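Reviewing the structure listed below.
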Amino acid sequence: MQRIRTDEAATRVGERVKLAGWMHNWRDMGQFGFLILRDGAGTFQAVLYKAEEMEKLKGLQYETVLQIEGVVAEEPRAPGGVELHDCQVTVISPVLEPLPFEINKKELKPGLDVFLDNAPVGLRHLRKRALFRISAEIMAGFREYLMQQGFVEIQTPKIVGSATESGANVFALDYFGRPAYLAQSPQFYKQIMVGVFERVFEIGPVFRAEKHNTARHTNEYVSLDIEMGFIQDHTDVMAMLTGVLRHIFNRLTQVCPRELELLKVKVPNIGQTIPALRLPDAQELIFKRYGEDCRGEPDLAPQHEEWLCEYAAQELGSELLFITHYPTSKRPFYAMPDDEDPTLTKSFDLLFRGCEVVTGGQRIHRYEQLLENARKWGINPEDIAGYLQAFKFGMPPHGGFGMGLERLLMQLTGLKNLREATLFPRDLTRVAP
RNA sequence: GGGGGCGUGGUGCAGCGGCCUAGCAUACCUCCCUGUCAAGGAGGAGAUCGCGGGUUCGAAUCCCGUCGCUCCCGCCA
Numbered sequence: 040m041q042r043i044r045t046d047e048a049a050t051r052v053g054e055r056v057k058l059a060g061w062m063h064n065w066r067d068m069g070q071f072g073f074l075i076l077r078d079g080a081g082t083f084q085a086v087l088y089k090a091e092e093m094e095k096l097k098g099l100q101y102e103t104v105l106q107i108e109g110v111v112a113e114e115p116r117a118p119g120g121v122e123l124h125d126c127q128v129t130v131i132s133p134v135l136e137p138l139p140f141e142i143n144k145k146e147l148k149p150g151l152d153v154f155l156d157n158a159p160v161g162l163r164h165l166r167k168r169a170l171f172r173i174s175a176e177i178m179a180g181f182r183e184y185l186m187q188q189g190f191v192e193i194q195t196p197k198i199v200g201s202a203t204e205s206g207a208n209v210f211a212l213d214y215f216g217r218p219a220y221l222a223q224s225p226q227f228y229k230q231i232m233v234g235v236f237e238r239v240f241e242i243g244p245v246f247r248a249e250k251h252n253t254a255r256h257t258n259e260y261v262s263l264d265i266e267m268g269f270i271q272d273h274t275d276v277m278a279m280l281t282g283v284l285r286h287i288f289n290r291l292t293q294v295c296p297r298e299l300e301l302l303k304v305k306v307p308n309i310g311q312t313i314p315a316l317r318l319p320d321a322q323e324l325i326f327k328r329y330g331e332d333c334r335g336e337p338d339l340a341p342q343h344e345e346w347l348c349e350y351a352a353q354e355l356g357s358e359l360l361f362i363t364h365y366p367t368s369k370r371p372f373y374a375m376p377d378d379e380d381p382t383l384t385k386s387f388d389l390l391f392r393g394c395e396v397v398t399g400g401q402r403i404h405r406y407e408q409l410l411e412n413a414r415k416w417g418i419n420p421e422d423i424a425g426y427l428q429a430f431k432f433g434m435p436p437h438g439g440f441g442m443g444l445e446r447l448l449m450q451l452t453g454l455k456n457l458r459e460a461t462l463f464p465r466d467l468t469r470v471a472p
C-alpha cells in the first residue's frame, strides 16, 4: 500500500490507508488510546484499541517515527472530524530518550538559548513550523510577483574579491592564499545585471561581520533584493515594493490561513499607496509630537522609528511607512542625489510596525558621476573595475531595494527577537546548529 | 566598542539572610481510567541553587571576581 499524507487521509473516509510520521502525542486512556501522528502536512488522530498495538508503544518516547495502517472514519468527537480506526502500528525509528523540552504543547516553553541549542527538534513544534511555512510563502510570493512583472531571477556570488561598500563589516576568508570576503550584499552584481535583463531579483544570504548584539540583528540573513532599470526616480521602486508587499500579504492570507491563525498573525492592509515622509519632515514631526529634537541628524534612532510608526498607525491608518531623502553622507556612493537638494538622496527606508525592514533607492547611472563619487568616498576605482565597466558601457536610470526576510517575518508575526524568525541564526556567539 | 538584567531538578518559574530537609507547573517512571484533543487521577524518582572567593553564628538569598545567557545603544535588513 502506498503511504499517503495526513491531509489526504481526511479525504479518504471509509478507505484503509497507510500513514507515517512522528508520534506527536499519545494519550493512554486505559482500554484504548489516542495517538496523534504528525507528518509534513499536519496531524492526524489514530485510535488504538487493541492491547497488542498499544503494547508496541511501550517504552517509546514522543517523536518516535511510526507507520500506521488503518481505516479512515468520520467521527464528530475527533479533531477535524476524522480519525483512523482498526490501526496496525509499525515502529520505524524508535526514540528512547525523553525530549529536551515539550514540543507537543500549545506553547513552546524554553528560552531562546535553550531552544536554539535544540533547534533540530524544537523546530518540529507546530508553531515553529507554521512560522517557517509563512517564511517560505513570503519568498514564494516575492518570486511570483516579480516574475509576473518581468523580473529575472539571478544568483550572484557570495564569495567576493573586494570589500566594497563600506569596507569594515565583512568576513574575510582565505581564498587559495588570496584575501576574499563573504558578500555583505548583492548590490553591485544586481546593478550590473540591470544592464542585461533590466529587471532582476535575488533571494539569497548576506553576511555582516558587525559585532552587533541586539534583538534585530544577526550576522547572516536572507535578503530579498530587486533592481530595475528605466525608472523615473525612487518612487517607481517604492511603487514596485508596495506591489510586492501587497502580493505577498494577499498570498499569505490565501495560502496559509491556518498558520496565520495558529500564530495569531494580523496581516496588514496596504491601501493604494504606503504613506511616505521625507526624513527632515519626519524629524520635525517627532519634535512636535514627541518633544525630542533630532532635527538635522542624518538618521533615525530605533525609538524614532517606533514613534513614526505609532504616528502612521494612528493618524495615517498604515502599519507601514516610507521615510525618504536620507542624507548623502549616510548613504553609499552610488546613491542618487536629489535634484533640488544634493545633500539628500533619492533613497528610502520602509518601516513596518516600528522596525526598518527595507532599504532602497535610485542609483547613479552615469559613469563619470559614479566614478567621481567613488573617489569622494575613498574607494579605489580599480577595486570595483567590474562594477564600473557596466556603467562605462551604458546603464539606464535604475534603482532597487533590499528587504530582510527575517525582519519582515519578525514584524509580521510579532516576534521579539530576529533569531526566532531565523531558522538557524548566526550571531556573535552562535555558529551551530 | 559602551551600558543594564538574569543564571534554582530535563524545561519554564517561585523562594531573595534562619520557618528551605529548596517549592510549583510540566516532562520522565509505575499504576488507574472507553472519547482524549495543553486529557484526567494516584504514587515515585530527579537539583551539591553556574563556578570561585568573601561577609556572617548561619548564604540559593548579601559583597567581589569569573564564565554563560539575555536586552539596550552604536551599526544596519
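Using the numbering used here, the first residue of the first sequence is number 40, and each one after it goes up by one.
Ideal Cβ positions, reconstructed from N, Cα and C, are used throughout, including at glycine.
Just so we're clear, the structure is a prediction, and the values are computed from it rather than from any experiment.
Check the Cα spacing between L339 and each of I362, E349, R328, Y329: the tightest is with I362. Per DSSP, E183 has no beta bridge partner at all.
In the structure shown, L212 falls within a strand segment according to DSSP collapsed to helix, strand and coil. Sequence-distant Cβ neighbours of G438 in its own chain, meaning closer than 6 Å and more than five residues away, are I270, H273, V276, G400, Q401, R402. Residue range 386-391 is occupied by the beta strand (DSSP E) that includes L390, with no alpha helix (DSSP H) assigned at that position.
Residue burial annotation: T50 is exposed, with fewer than 16 other C-beta atoms found within 10 angstroms of its C-beta.
In its chain, beyond the 5 residues on either side, L301 have a beta carbon closer than 7 Å to the beta carbon of L165. For Y365, no alpha helix (DSSP H) run applies, since DSSP gives it neither H nor E. The alpha-carbon of R55 is positioned some 13 Å away from that of V128. Assigned with DSSP and collapsed to three states, K57 falls in strand.
Ranking R44, R238, A179 by CA distance to the CA of M434 puts R238 first. Here H273 carries a helix assignment [DSSP, helix/strand/coil]. Cβ contact annotation for A352 (same chain, cutoff 7 Å, sequence separation greater than five): E358, in chain order. Under the three-pair Cβ rule at 8 Å, the region 453-464 does not count as touching the region 288-298. Here the region 77-84 makes contact with the region 111-127; the two share three or more CB pairs at distances below 8 Å. Residue pairing by DSSP places Y350 opposite no residue, since no beta bridge is assigned to it.
Between A59 and I131 the beta-carbon gap is near 7 Å, inside 8 Å, which marks them as a contact. Beta-bridge annotation (DSSP): Y260 is paired with V245. Rounded to whole angstroms, the separation of the alpha carbons of L447 and G243 is 15 Å.
Residue L444 holds the alpha-carbon nearest to the alpha-carbon of V261 among N456, K167, D67, L444. Contact between L99 and P133 is confirmed by a C-beta separation of about 5 Å, below the 8 Å threshold. For Y220, the secondary structure class from DSSP, reduced to helix, strand or coil, is strand.
The beta carbon of N208 is closer than 6 Å to those of R247, A248, E249 in its chain, skipping five residues each way along the sequence.
Nearest to L390 by C-alpha distance, out of M442, I231, M62, Y88, is M442. Residue environment analysis places M232 among the buried positions, since at least 16 neighbouring C-beta atoms fall within 10 angstroms of its C-beta. For V160, the three-state secondary structure derived from DSSP is helix. The Cβ atoms of C394 and Q450 lie closer than 9 Å to each other. Where G72 is concerned, there is no enclosing alpha helix (DSSP H), although the beta strand (DSSP E) around it starts and stops at 72-77. H124 is bridged by DSSP to V110. Counting of Cβ neighbours within 10 angstroms places L151 among the exposed residues, the total staying below 16. Per DSSP, the continuous beta strand (DSSP E) segment holding M442 begins and ends at 437-443. I265 is bridged by DSSP to F240, F440. Selection F288, F372, N157, V306 evaluated against Y184 yields F288 as nearest (Cα-Cα). Collapsing the DSSP output to three states places H251 in coil. At a Cβ-Cβ threshold of 9 Å, W61 and G72 do not count as neighbours.
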